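Below: the structure, in structure tokens.
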Amino acid sequence: MTVNTTVNRVLLALAGLVLFVLGGSVLAIGLGAPAPSWWLHDGRNDVLLDDSERTRWRDEGWWWPVVIAALAVVVLLCLWWLVSVLRRRRVSEIVVDTGDGEVAALRGRALERALAEDANRQDGVAEARVLLTGRRGTPRTRAVLLLEPHVDPGTALDTFAAGPLTHARTATTLPALPSEVRLRAVKHRPERVT
20 MTVNTTVNRV LLALAGLVLF VLGGSVLAIG LGAPAPSWWL HDGRNDVLLD DSERTRWRDE
80 GWWWPVVIAA LAVVVLLCLW WLVSVLRRRR VSEIVVDTGD GEVAALRGRA LERALAEDAN
140 RQDGVAEARV LLTGRRGTPR TRAVLLLEPH VDPGTALDTF AAGPLTHART ATTLPALPSE
200 VRLRAVKHRP ERVT
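The sequence shown maps to residues 20 to 213 in the working numbering.
This is the structure in structure tokens:
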């Protein structure tokens with residue numbers, strides 16, 4: 020799981036929890052449940068902000084700058100989150116030197132599929148998933164290899180680097196193809212030892 024995925028899940032969980040607790044509390048009090056002692060309002064007919072709460076800090080010199088700064092920080096954080104979620108992470112095509120002074124465009128998904136199929140043919144690899152990131156001229160790969168229980172992870176990694184990654188780098192004439200490879204074991208039932 021990437022850092023962005025983790026951040027998204029944590030932020031969504033926190034936002035959901037806060038909204039659930041506040042919304043559930045307001046609904047329960049609105050339906051006639053007694054308000055707890057820590058609750059902001061007294062009961063069912065209480066307004067969200069009465070005149071005294073709304074105008075309480077209006078004459079203080081620090082109030083409005085703090086409110087505006089806090090809201091600006093919240094807006095900037097929301098915009099950062101939105102941009103990070105919407106930003107494309109995949110490389111749609113890779114520039115390949117054809118050797119005659121011209122360049123060709125290779126679809127990124129085609130190279131991902133070729134790398135995954137080549138890795139799936141490896142001994143002990145149950146499934147391989149590959150994602151191309153980076154830029155057109157300098158792509159990077161992220162691969163997840165699901166390994167059978169009997170496979171040595173170091174050997175599987177060496178075979179992947181010497182086989183599929185080298186084939187992809189040679190075929191695309193890239194000087195380098197940096198890669199992040201995650202190795203995971205396939206879940207299996209425990210074996211009985213006698």
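All residues carry an ideal CB built from backbone N, CA and C; glycine is no exception. None of the values given here were measured: they were computed from a predicted structure.
With a cut-off of 8 Å, do at least 3 Cβ pairs link the segment 151-158 to the segment 109-123? With the cut-off at 8 Å, the segment 151-158 and the segment 109-123 touch.
Can you say whether L184 is buried or exposed, counting buried as having 16 or more other CB atoms within 10 angstroms of its CB? Note on L184: 16 or more other CB atoms within 10 angstroms of its CB, so buried under the neighbour-count rule.
So if DSSP puts I235 in a beta bridge, which residue, or which two residues, is it bridged to? Because the chain spans 20 through 213 in this model, residue 235 falls outside it and cannot be assessed.
Thinking just about the alpha-carbon of each residue, which of P194, T192, E199 is nearest to the one in F179? Of P194, T192, E199, the residue nearest in Cα terms is E199.
If we ignore side chains and look at the alpha-carbon of each, how far apart do E167 and G143 end up? Each residue's alpha carbon lies about 5 Å from the other.
Whole-angstrom Cβ separation of A175 and L165, contact assumed at under 8 Å? Contact flag wrong, Cβ pair sits at about 10 Å.
Going by the DSSP bridge assignment, what does R203 pair with across the sheet? In the DSSP output, where bridge partners are listed per residue, R203 has L165.
So for T189, helix, strand or coil by DSSP? In the three-state DSSP reduction, T189 falls in the helix class (H, G or I).
My understanding is that P172 touches L202, with C-beta atoms under 8 Å, so please give their C-beta distance in whole angstroms. The Cβ separation is near 5 Å, so the contact holds.
For the segment 42-80, list the alpha helix (DSSP H) runs that are entirely contained and at least 4 residues long, ordered along the chain. For the segment 42-80, the full-length alpha helix (DSSP H) segments reaching 4 residues or more read 70-73 along the chain.
Considering only DSSP beta bridges, list what R108 is partnered with. Looking at the DSSP assignment, R108 forms no beta bridge with any residue, so it has no partner.
Which one or two residues does DSSP pair with G153 in a beta bridge? Beta-bridge pairing by DSSP links G153 to P158.
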